[in-house]
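Position one of the sequence shown corresponds to residue 3 (our numbering), numbered consecutively onward. To start, the structure itself, in structure tokens.
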Amino acid sequence: MSLNRRLYAWLLGSDIKGGTFVLDSSISMSEEDHALYFFGKYSKDLLVEGLIEILHQKSTESDLDEQHNAYLKPFRILVSLLDKPEIGPPVVADLFLEVIRAFYGYCKETVGSDLKLSYSQTGNVLISAIRENKNASEIVKTVNLLITSLSTDFLWDYMTRCFEDCFRSTSMQTQLHTKLATVSELCTLLVFLLDVIPLELYSEVQSLYLPQ
3 MSLNRRLYAW
13 LLGSDIKGGT
23 FVLDSSISMS
33 EEDHALYFFG
43 KYSKDLLVEG
53 LIEILHQKST
63 ESDLDEQHNA
73 YLKPFRILVS
83 LLDKPEIGPP
93 VVADLFLEVI
103 RAFYGYCKET
113 VGSDLKLSYS
123 QTGNVLISAI
133 RENKNASEIV
143 KTVNLLITSL
153 STDFLWDYMT
163 RCFEDCFRST
173 SMQTQLHTKL
183 ATVSELCTLL
193 VFLLDVIPLE
203 LYSEVQSLYL
213 PQ
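Rendered as structure tokens:
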């Protein structure tokens, strides 16, 4: 059994032969329902917490290539987890704001003073700086792969919900692992995403999701 399959089996409460661990003999449920129940009750929170730790860990590597690989690691893990529908989508939904925060932070650290967001229509300075930086380009490419692995409207629906949470008078934080963002932070992250995500590849994003 491959390492990925062993990990999925462990997270879903099954053994390497495909059998399930019986949690309560008095509860009758299908193997699929059992896997979802086990993951939600025992595995999901630990996995989300671990991934957030990886997303925000400060690299101690002096070697720039090793540091760069450390930046890419959490995004590549999330892309792999999306191969398993029972695991990937609910995990991403719980920590996606942290993904965007880390994405912005990595690019800011990699590009440095060249990270200038295009708040006006005078041209996208940031994307030019990223294209000239090999490491930043690879980070953007990897995160774009993660985003395209999700449903087309996921990113923009998610950002909309983040803004709605900010504007509610009694904000109810639905994601226990994520610190609620301020309007100022969300505006910065949104402009950053609009700068680096190739919107021309998804016509429905510009015509439908963003206007909403």
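Glycine included, each C-beta is placed from N, C-alpha and C at the ideal position. Keep in mind it's a predicted model, so treat the numbers as computed, not measured.
Assigned exposure category for residue i - 16 Cβ within 10 Å defines buried
| i | result |
| --- | --- |
| V101 | buried |
| P76 | buried |
| N6 | exposed |
| D96 | buried |
| R103 | buried |
| V50 | buried |
| G15 | buried |
| W158 | buried |
| V185 | exposed |
| L13 | buried |
| L201 | exposed |
| L48 | exposed |
Simplified DSSP assignment, three categories, for residue i
| i | result |
| --- | --- |
| S153 | coil |
| S82 | helix |
| S4 | coil |
| S120 | coil |
| S32 | coil |
| R103 | helix |
| L182 | coil |
| I96 | The amino acid at residue 96 is misidentified as Ile; the sequence shows Asp. D96: helix per DSSP, three-state reduction. |
| N135 | coil |
| I199 | coil |
| M174 | Bear in mind that the predicted position of M174 carries a pLDDT of just 48, short of 50, making it too unreliable to give a figure here. |
| D65 | coil |
| E88 | coil |
| K60 | coil |
Spatial distance of residue i from residue j (CA atoms)
| i | j | result |
| --- | --- | --- |
| I149 | M31 | 33 Å |
| E187 | Q59 | 20 Å |
| D197 | L66 | 25 Å |
| S151 | L83 | 11 Å |
| F245 | H36 | It is not possible to answer for residue 245, since the shown part of the chain is limited to 3 through 214. |
| I141 | C109 | 7 Å |
| A183 | M161 | 11 Å |
| T124 | L191 | Low confidence applies to T124: its pLDDT is 48, below 50, so where it sits in the model is not reliable enough to give any reading. |
| L128 | S4 | 40 Å |
| D167 | L99 | 13 Å |
| S115 | I79 | 29 Å |
| A11 | K46 | 13 Å |
| V113 | F169 | 32 Å |
| I132 | V193 | 15 Å |
| I56 | T180 | 14 Å |
| F105 | V145 | 8 Å |
| Q156 | L119 | Gln is not the amino acid found at residue 156; the sequence shown has Phe there. If I take the Cα positions, the gap works out to 23 Å. |
| V93 | L74 | 18 Å |
Residue i: CB within 7 Å of a non-hydrogen atom of the ligand MG
| i | result |
| --- | --- |
| H36 | In the structure shown, the ligand MG is absent, as is every other ligand, since no ligand is present at all. |
TODO: Inspect the CB distances between the region 31–41 and the region 85–105 and report whether three or more fall short of 8 Å.
DONE: In this structure the region 31–41 lies against the region 85–105, because at least three pairs of beta carbons, one per stretch, are closer than 8 Å.
Task: the region 126–143 contacting the region 68–75, beta-carbon criterion three pairs below 8 Å - done: Counting Cβ pairs under 8 Å, three or more are found: they touch.
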